[in-house]
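Beneath this line is the structure, given in structure tokens, with notes to follow.
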Amino acid sequence: MADTQQDFIQHILSTLHSKQTAQSSPIDRYMERTYQFLDAIDWSQTWIRGLIGFHVLCFLTTICLRKRSTALSIYFFILLGMAALAQPLNNLGKTHWEKFASADYFDESGLFIVSVYALPLVFNCFITLMLILKAAAGLLVEMKRAQIRGKKGKTE
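Numbering (the numbering used here) for the sequence shown: 26 to 181.
Below, the structure written as structure tokens:
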């Protein structure tokens, strides 16, 4: 009797869960799939840790170059170039994954390489671009102040 009652309760709970999943919002489904994707990756592999270190180093470089707008501009295009190499790197990874990885993460669509390689680079590019725009705005303010000072000097 207890087993049938327990089975009945489990059936009701699973039905409710399936209906809740079917009625969940697209954002909830996206978040669930994202967590599944992240759980499927073995983050303890040396090459993935090296890639994370590379992204941290790129971010620190951005922070160190924040006061040098010319160097930051050059660095911005270097980052964009590295992000553009995602597809060739995915093809190389697909061919030689046995030499450095425990699983074949490199699919035809390039979802993995875009997620762990290109997306952090593009995010870093975004930060770099914001810093470049901030420097350009600062230059505009400086130039306008110099122009106003120049006009004041001529009128006196």
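Using N, Cα and C, we set each Cβ at its ideal position, and we do this for glycine too.
Being a predicted model, the structure only gives us computed values, none of them experimental.
Please list, in chain order, all residues of the same chain as residue i whose beta carbon is under 7 Å from its beta carbon, the five residues on each side excluded.
i, result
"S127", "D67 and Q70"
"G135", "A111, Q112 and N115"
"V139", "A111"
How big is the Cα-Cα spacing for residue i and residue j?
i, j, result
"F85", "L76", "The amino acid occupying residue 85 in the given sequence is Leu; Phe does not appear at that position. In a straight line, the C-alpha of L85 is about 14 Å away from that of L76."
"L90", "L158", "14 Å"
"L117", "A108", "15 Å"
"F79", "L144", "13 Å"
"R93", "F148", "19 Å"
"S39", "I88", "50 Å"
Excluding five sequence neighbours on each side, which residues of the same chain lie with their C-beta closer than 6 Å to the C-beta of residue i?
i, result
"G130", "Looking at the sequence provided, one finds Tyr at residue 130 rather than Gly. F137."
"L146", "L104, M107 and A108"
"T59", "none"
Checking contacts by CB at 9 Å: is residue i closer than that to chain B?
i, result
"K92", "Annotation note: the requested chain B is absent from the structure, which comprises a single protein chain."
Shorter than 8 Å, the distance from the beta carbon of residue i to the closest heavy atom of the ligand ATP, or not?
i, result
"L63", "This structure simply doesn't include the ligand ATP, nor any ligand for that matter."
Would you call the region 96-106 and the region 152-169 in contact, with 3 or more CB pairs under 8 Å?
yes
Taking one C-beta from the region 166-180 and one from the region 111-123 each time, how about it: are there three or more such pairs within less than 8 Å?
no
Which runs of the beta strand (DSSP E) at least 3 residues long sit entirely within the region 62-135? Give them in chain order.
none
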